[in-house]
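In full-length UniProt numbering, the protein residues as written are 1 to 343. Where a beta carbon is used, it is the ideal one built from N, C-alpha and C, also for glycine. One structure is given here, and the rest of the page talks about it.
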């Protein structure tokens, strides 16, 4: 397999996702962490700094910060500045509604920072139906302010049945602001568990999305759309799950999980208050299981090298098995369709 070197695990994560707070001023119906209120036992400023020190020392390439809404944490930008002092690049995701002109200027002064703004529709009506009233206007305002400061910027859209017909329109809006465009897959975690059944794309829509992405090579597809690459020529980027191999997730309270979409009790590997990530990364049974276990149902498939069996989080939430074939496998869908035609 062409990603065998990655599947066996790296000596340090390429990226660590840090959900910096559970607090959020929106209530998106597909929120991966079901965010809303801050928890009283979230990491303190000093604990967060110690974590950043550990990540820098172990050679992590960058921190991917989410939430919640990161800017709901009062000391958030101080922590980003501290990471910059340590030479540790940061990308953070925001709904954009709290960004001011003064804040944009402060962000621009921090070295090695990328910002991703979440927008889930090309119109106020569609976006706000998913993310909440006023979120579309607030996000576009943030894009304008950040673009003005020449901050490296991208816009992320979670593809759903509600906004599928607006992907091209939002892409054009984003390009008009000089930002990059990213399409992410809806996964059944957090509030997405309840909304998945009516929001996730149909197989035919996923096939259309693959064709659209192939026609737009400047678009990236998030970190779990491996199922698309099984349709033909792999799309640019990593086409195999990096959970426990090249990435992991730290929650606001310091719990560590293979990825941000597997924040469940039976997937927790420890807490950084008890043991630093640098130690957990090399001696954790669940991490090792991810690195050594293959998706048996997919081993005979000619497309396995292109998708690696799909997203472990989707498999877990829909089947209860981390190492089952991705239920949204498009190869299986096409085989089923062919059988229906021949019957």
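Check whether residue i and residue j have beta carbons under 9 angstroms apart
i           : j           : result
residue 93  : residue 117 : yes
residue 298 : residue 304 : yes
residue 50  : residue 88  : no
residue 24  : residue 67  : yes
residue 160 : residue 130 : yes
residue 166 : residue 126 : yes
residue 270 : residue 255 : yes
residue 207 : residue 47  : no
residue 219 : residue 308 : no
residue 210 : residue 235 : yes
residue 177 : residue 135 : no
residue 105 : residue 52  : no
residue 294 : residue 244 : no
residue 179 : residue 153 : yes
residue 54  : residue 285 : no
residue 26  : residue 69  : yes
residue 103 : residue 140 : no
residue 260 : residue 315 : no
Integer-rounded CB distance, given that residue j should sit under 8 angstroms from residue i
i           : j           : result
residue 11  : residue 252 : Contact doesn't hold; Cβ gap of about 27 angstroms is too wide.
residue 34  : residue 187 : Not a contact, Cβ separation roughly 13 angstroms.
residue 200 : residue 171 : So it is not a contact: roughly 20 angstroms between Cβ atoms.
residue 306 : residue 229 : 4 angstroms
residue 64  : residue 100 : 23 angstroms between Cβ atoms; not a contact.
Through-space distance from residue j to residue i, alpha-carbon basis
i           : j           : result
residue 13  : residue 278 : 9 angstroms
residue 324 : residue 224 : 15 angstroms
residue 320 : residue 205 : 25 angstroms
residue 75  : residue 221 : 31 angstroms
residue 30  : residue 184 : 12 angstroms
residue 90  : residue 246 : 16 angstroms
residue 302 : residue 280 : 34 angstroms
residue 155 : residue 149 : 16 angstroms
residue 174 : residue 37  : 30 angstroms
residue 58  : residue 287 : 17 angstroms
residue 327 : residue 227 : 10 angstroms
residue 336 : residue 318 : 19 angstroms
residue 231 : residue 330 : 7 angstroms
residue 111 : residue 82  : 10 angstroms
residue 332 : residue 97  : 41 angstroms
residue 322 : residue 193 : 16 angstroms
residue 62  : residue 28  : 26 angstroms
residue 202 : residue 163 : 13 angstroms
residue 124 : residue 267 : 37 angstroms
residue 45  : residue 73  : 10 angstroms
residue 341 : residue 108 : Bear in mind that a pLDDT of 49 at residue 341, under 50, signals an unreliable position, so the model cannot answer this.
residue 80  : residue 334 : 45 angstroms
residue 77  : residue 43  : 15 angstroms
residue 250 : residue 198 : 29 angstroms
residue 191 : residue 182 : 21 angstroms
residue 262 : residue 19  : 13 angstroms
residue 133 : residue 283 : 46 angstroms
residue 128 : residue 300 : 44 angstroms
residue 151 : residue 296 : 44 angstroms
Residue i in three-state terms, based on DSSP
i           : result
residue 329 : coil
residue 273 : coil
residue 33  : coil
residue 341 : In this prediction, residue 341 scores a pLDDT of 49, lower than 50, which makes its location untrustworthy; the coordinate-derived value is nonetheless stated afterwards. Three-state result, residue 341: helix.
residue 334 : helix
residue 47  : helix
residue 295 : coil
residue 13  : coil
residue 324 : coil
residue 23  : strand
residue 131 : helix
residue 114 : strand
Which whole runs of the beta strand (DSSP E) in the segment 150–194 are 3 residues long or more, in chain order?
Entirely contained in the segment 150–194, the beta strand (DSSP E) runs reaching 3 residues are, in chain order, 152–159 and 180–185.
What residue ranges within the segment 61–98 form continuous beta strand (DSSP E) runs of no fewer than 3 residues, ordered along the chain?
62–66 and 90–94
Scan the segment 207–257 and note each continuous alpha helix (DSSP H) run of 4 residues or more that stays entirely inside, going in chain order.
226–229
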